[in-house]
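Top line first, the protein sequences correspond to chains A and B.
Heads up: the first sequence begins at 1075 in this note's numbering, then just goes up one per residue.
Heads up: the second sequence begins at 185 in this note's numbering, then just goes up one per residue.
Cβ atoms here follow ideal geometry from the backbone N, Cα and C, with glycine treated the same way.
Quick caveat: nothing in here was measured; it's all calculated off a predicted structure.
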Amino acid sequence: MLRVLLPRRRDLVCQQAVELVTDYLEGALSRADRRRFEAHLAGCPHCTEYLAQIRATIDLTGRVTPEDLSPRAQDEFIALYWRWQHDRDQS
Amino acid sequence: MSQNSNAHVSGVAAHQDAEAGLLAALRAGDEQAFITLVRRHHSAMLRLALGYVPSVAIAEEVVQDTWLAVLRGLGGFEGRSTLRTWLLRILVNRARTAGSRERRTIAVPDPEPAVDPTRFDAAGSWASPPERWAQEAHDRLRAAQVAARLRSAMGELPARQREVVMLRDIEGLSSGEVCGVLDISEANQRVLLHRGRSRLRQVVESEFGRA
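Okay, structure coming up:
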């Protein structure tokens, strides 16, 4: 587990905040840590931008387009299916 | 993400009902059901396999082998996980075996900072803060350009990080499903996701820097 030792009664520094973004987005921070993280963002435009960049990266990654199943590949899968059926019916 | 969770859960439930119907048709020998299933999962499986093996041809073999294993194992599938989790788990195991000859050194979980430490000052504040591009990233033309760069960057991620990022951020599996497919803990999954996304953010940052 990525353990970041958070100072008990002190604010987060930026270098710590950037390590918490994933846990924050996953909802995995404790309530206290989440408050500390959000408090830091409220006062830090750079880390706010950093979080926005991580969100943008997730969004951009999600746009990697899927390949369609070509007719040739579809024929291959049909052949595979018949072969399996045949093997199964033999046994 | 929590505000979407209700919609997500009902969407997942509907999907699982549809999948149960497909599974029943498949077991009854319905060839079209098989094609439907293949169409639904093929691109995800090919993408995932390509994360392990050096060529599309080998990746396609891995996918075919997986489908054979799925067909043979249908009788034993008890539905404790989703069909998708089950078949991706089979695929990952086959792809890992197929790719083991080509596999890079397994990444030892060294500490890997999300951001180059030299960008912070001694107090831990940003010394070289990120340039503003998050807004611009949503512009459609820029997004298409960067997506292409990201696709190749995915290939350069350490395998375990790539697996998690692919399954979560491309295929949209939930964290629980990913843990089921990869047989890892939630905490482990979060670390890998964190490191993978951090690396990809750096790639995107360098892309926008060039503009």
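Any idea if Trp1156(A) is buried or exposed, counting beta-carbon neighbours within 10 angstroms, 16 or more meaning buried? Position 82 of the first sequence, counted from the first residue, corresponds to residue 1156(A). Its Cβ having fewer than 16 others within 10 Å, Trp1156(A) is exposed.
Along the chain, where does the alpha helix (DSSP H) that runs through Phe218(B) open and close? Within the second sequence, numbered from 1, the residue matching residue 218(B) stands at position 34. Glu215 to Leu234 is the extent of the alpha helix (DSSP H) around Phe218(B).
If we count the other Cβ atoms within 10 Å of its Cβ and call it buried at 16 or more, is Gly364(B) buried or exposed? Residue numbering aside, residue 364(B) sits at position 180 when the second sequence is read from its first letter. Flag for Gly364(B) reads buried.
Taking Thr281(B) as part of the alpha helix (DSSP H), name the residues at either end of that continuous run. Counted from its first residue, the second sequence places residue 281(B) at position 97. Where Thr281(B) is concerned, the enclosing alpha helix (DSSP H) stretches over Leu267 to Gly283.
Counting pairs of beta carbons, one from the region 369-385 of chain B and one from the region 1089-1109 of chain A, are three or more of them closer than 8 Å? yes
Per the DSSP calculation, Trp310(B) is bridged to which residue(s)? One-based indexing of the second sequence puts residue 310(B) at position 126. Its beta-bridge partners are Phe304(B).
Compare the C-beta of Ala306(B) with all C-beta atoms of chain A and state if any pair is closer than 7 Å. Taking the second sequence and counting its residues from 1, the one referred to as residue 306(B) is at position 122. No, Ala306(B) does not count as interfacial toward chain A.
Against Glu1046(A), what residues of chain B qualify as contacts under a CB-to-CB distance less than 9 Å, listed in chain order? Nothing can be reported for residue 1046(A), as the shown portion of chain A is limited to 1075 through 1165.
Please decide whether Arg288(B) counts as near chain A, where near means a Cβ-Cβ distance under 7 Å. Taking the first residue of the second sequence as 1, we reach residue 288(B) at position 104. Model confidence at Arg288(B) stands at a pLDDT of 47, short of 50, so the residue's coordinates are unreliable and nothing is read from them.
Just confirm the distance between the C-beta atoms of Tyr1098(A) and Arg1110(A), as a whole number of angstroms; I'd bet it's less than 8 Å. As a first step, residue 1098(A) is located in the first sequence; it is residue number 24 there, counting from the start. As a first step, residue 1110(A) is located in the first sequence; it is residue number 36 there, counting from the start. Incorrect: roughly 11 Å between the Cβ atoms, too far for contact.
Assigned secondary structure, Leu1095(A) (DSSP; H/G/I helix, E/B strand, else coil): If you number the first sequence from 1, residue 1095(A) lands on position 21. It should be pointed out that residue 1095(A) corresponds to Val in this sequence rather than to Leu. The answer is helix: DSSP assigns Val1095(A) an H, G or I state.
Element boundaries [alpha helix (DSSP H), containing Phe1111(A)]: Start at 1 with the first residue of the first sequence, and residue 1111(A) comes out as number 37. Arg1105 to Gly1117 is the extent of the alpha helix (DSSP H) around Phe1111(A).
Inspect the CB distances between the region 306-316 of chain B and the region 350-358 of chain B and report whether three or more fall short of 8 Å. no
Assign Ala318(B) to one of three DSSP states: helix, strand, or coil. Translated into the one-based positions of the second sequence, residue 318(B) becomes position 134. Here Ala318(B) sits in coil by DSSP.
N-terminal and C-terminal residue of the alpha helix (DSSP H) that Ser359(B) is part of: In the second sequence, counting from the first residue as 1, residue 359(B) sits at position 175. Run containing Ser359(B): Ser359 to Leu366, per the alpha helix (DSSP H) assignment.
From Leu325(B), Arg231(B), Gly360(B) and Val388(B), pick the residue whose C-alpha is nearest to that of Gly339(B); which is it? Walking along the second sequence from the start, residue 339(B) turns up at place 155. It is Arg231(B) whose Cα lies nearest to the Cα of Gly339(B).
7 Å is my cut-off, CB to CB: does Leu1115(A) come that close to chain B? If you number the first sequence from 1, residue 1115(A) lands on position 41. No - not a single Cβ of chain B is within 7 Å of the one on Leu1115(A).
Counting only Cβ-Cβ distances shorter than 7 Å, please list the residues of the region 1092-1118 of chain A near chain B, keeping chain order. Val1092, Glu1093, Thr1096, Asp1097, Leu1099, Glu1100, Gly1101 and Ala1102
Can you give the Cα-Cα distance for Gly283(B) and Glu347(B), rounded to whole angstroms? Working through the second sequence from its first residue, we reach residue 283(B) at position 99. Working through the second sequence from its first residue, we reach residue 347(B) at position 163. If you take the alpha carbons of Gly283(B) and Glu347(B), they lie about 13 Å apart.
What do you get for Gln1127(A), buried or exposed, if any count of 16 or more other CB atoms within 10 angstroms of its CB means buried? Looking up residue 1127(A) in the first sequence gives position 53. Buried, by the Cβ-count rule.
Please compile the residues from chain A whose C-beta is within a distance smaller than 9 Å of the C-beta of Glu215(B). Taking the first residue of the second sequence as position 1, residue 215(B) is located at position 31. Correct list: Ile1152, Tyr1155, Trp1156 and Gln1159.
Determine the DSSP secondary structure at Glu262(B), reduced to helix, strand or coil. Against the second sequence, residue 262(B) aligns to sequence position 78. In the structure shown, Glu262(B) sits in coil (DSSP, three-state: anything other than H, G, I, E or B).
Within-7 Å CB hit, Val388(B) to chain A: Position 204 of the second sequence holds residue 388(B). For Val388(B), the answer is yes, since a Cβ of chain A falls inside 7 Å of its Cβ.
Compare the C-beta of Val330(B) with all C-beta atoms of chain A and state if any pair is closer than 7 Å. The residue you call residue 330(B) lines up with position 146 of the second sequence. Judged by the 7 Å Cβ criterion, Val330(B) is in contact with chain A.
Where does Arg374(B) sit, in a helix, a strand or coil, going by DSSP? As a position in the second sequence, residue 374(B) is number 190, starting the count at 1. Residue state, collapsed to three classes: helix.
Would you mind giving the Cβ-Cβ distance between Ala209(B) and Ala202(B), rounded to the nearest angstrom? I have them listed as a contact below 8 Å. By 1-based counting over the second sequence, the position of residue 209(B) is 25. By 1-based counting over the second sequence, the position of residue 202(B) is 18. Between Ala202(B) and Ala209(B) the Cβ distance is about 11 Å, and since that is not below 8 Å, they are no contact.
With 16 other CB atoms within 10 Å as the buried threshold, where does Val1092(A) fall? Taking the first sequence and counting its residues from 1, one reaches residue 1092(A) at position 18. Buried is the call here.
Would you call His322(B) buried or exposed, if buried means 16 or more other Cβ atoms sit within 10 Å of its Cβ? Position 138 of the second sequence holds residue 322(B). By the 10 Å Cβ count, His322(B) comes out exposed.
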